[in-house]
Amino acid sequence: DTAVSQTPKYLVTQMGNDKSIKCEQNLGHDTMYWYKQDSKKFLKIMFSYNNKELIINETVPNRFSPKSPDKAHLNLHINSLELGDSAVYFCASSHDRAFAGELFFGEGSRLTVL
Amino acid sequence: DAKTTQPPSMDCAEGRAANLPCNHSTISGNEYVYWYRQIHSQGPQYIIHGLKNNETNEMASLIITEDRKSSTLILPHATLRDTAVYYCIVRSDTGTASKLTFGTGTRLQVTL
Numbered sequence: 224d225t226a227v228s229q230t231p232k233y234l235v236t237q238m239g240n241d242k243s244i245k246c247e248q249n250l251g252h253d254t255m256y257w258y259k260q261d262s263k264k265f266l267k268i269m270f271s272y273n274n275k276e277l278i279i280n281e282t283v284p285n286r287f288s289p290k291s292p293d294k295a296h297l298n299l300h301i302n303s304l305e306l307g308d309s310a311v312y313f314c315a316s317s318h319d320r321a322f323a324g325e326l327f328f329g330e331g332s333r334l335t336v337l
Numbered sequence: 002d003a004k005t006t007q008p009p010s011m012d013c014a015e016g017r018a019a020n021l022p023c024n025h026s027t028i029s030g031n032e033y034v035y036w037y038r039q040i041h042s043q044g045p046q047y048i049i050h051g052l053k054n055n056e057t058n059e060m061a062s063l064i065i066t067e068d069r070k071s072s073t074l075i076l077p078h079a080t081l082r083d084t085a086v087y088y089c090i091v092r093s094d095t096g097t098a099s100k101l102t103f104g105t106g107t108r109l110q111v112t113l
């Protein structure tokens, strides 16, 4: 059983489209995260939710909207996609916010915007 | 956030110990040091973390200097599967949350 699973793994789309990436964890963790890894391999945190509550919101365009329907799921919706959104997006979870250093990452979702 | 400095790349022969250094001279007294690695195209994997004392687990050992301004991750017997980018991170805590800020890491190449 995959601990942190993301879908889709690959996503190719046109500029201006809206797309979503889904993430689910079966570890029973309270806290989930979205990270973005760009073409230069820098890995940056975007959002964090603790038990459905947003606790970290980095400087991210408001075209990006995370949604957490329950603590096992954290989805990422992106409106009006731009070329610069092309990246690998990683979902992660931790036991709770106190264990924010011990993250379990998914395999990533590679988004390509044409 | 405390900044970390790592060499961009290192080589290690298979079977030998890999010693990966990290400088974090601006670390605060209550900030932890974490190590992760990322094998090509996979999600980052947690390795180990520590505050003051040296730590060891089934994957690696973490040696933190007494002044806490630097640390070394030791893979005791490197294998080809240990080829990856290794990230040294200082965890930063705000009032409501903690976060990890990844740097550029060290690309470790294990060779035959």
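These protein sequences, in sequence, are chains Y and A.
If you're matching positions, the first sequence starts at 224 in the numbering used here and goes up one per residue.
If you're matching positions, the second sequence starts at 2 in the numbering used here and goes up one per residue.
Here a beta-carbon is modelled for each residue, glycine too, at the ideal position from N, C-alpha and C.
It should be emphasised that the depicted structure is a prediction, and the values quoted were computed from it without experimental measurement.
Cβ pair residue i, residue j closer than 9 Å
i, j, result
"Tyr-33/A", "Arg-108/A", "no"
"His-296/Y", "Lys-242/Y", "no"
"Tyr-47/A", "Leu-234/Y", "no"
"Trp-36/A", "His-50/A", "yes"
"Asn-20/A", "Ile-75/A", "yes"
"Gly-30/A", "Arg-69/A", "yes"
For residue j and residue i, believed in contact at Cβ under 8 Å, the rounded distance
i, j, result
"Cys-23/A", "Ser-72/A", "5 Å"
"Ser-332/Y", "Pro-231/Y", "6 Å"
Chain B contact for residue i (CB, 9 Å cutoff)
i, result
"Phe-327/Y", "Annotation note: the requested chain B is absent from the structure, which comprises protein chains Y and A."
Span of the beta strand (DSSP E), counted from its first residue to its last, around residue i
i, result
"Arg-320/Y", "Unbroken run through Arg-320/Y: none, as it is neither H nor E."
"Asp-12/A", "10 to 14"
"Tyr-233/Y", "233 to 236"
"Arg-38/A", "34 to 39"
"Ala-19/A", "19 to 24"
"Met-269/Y", "266 to 273"
Three-state class that DSSP yields for residue i in the structure shown
i, result
"Leu-52/A", "coil"
"Leu-306/Y", "helix"
"Asp-293/Y", "strand"
"Asp-94/A", "strand"
"Leu-109/A", "strand"
"Leu-81/A", "helix"
Minimum Cβ-Cβ distance from residue i to chain A less than 9 Å
i, result
"Lys-275/Y", "no"
"Ser-234/Y", "A small correction: the amino acid at residue 234/Y is Leu; Ser does not occupy that position in the sequence shown. Not one chain A Cβ lies under 9 Å of Leu-234/Y."
"Leu-299/Y", "no"
"Lys-264/Y", "yes"
Residue-chain proximity (residue i, chain Y), Cβ-Cβ < 9 Å
i, result
"Gln-110/A", "no"
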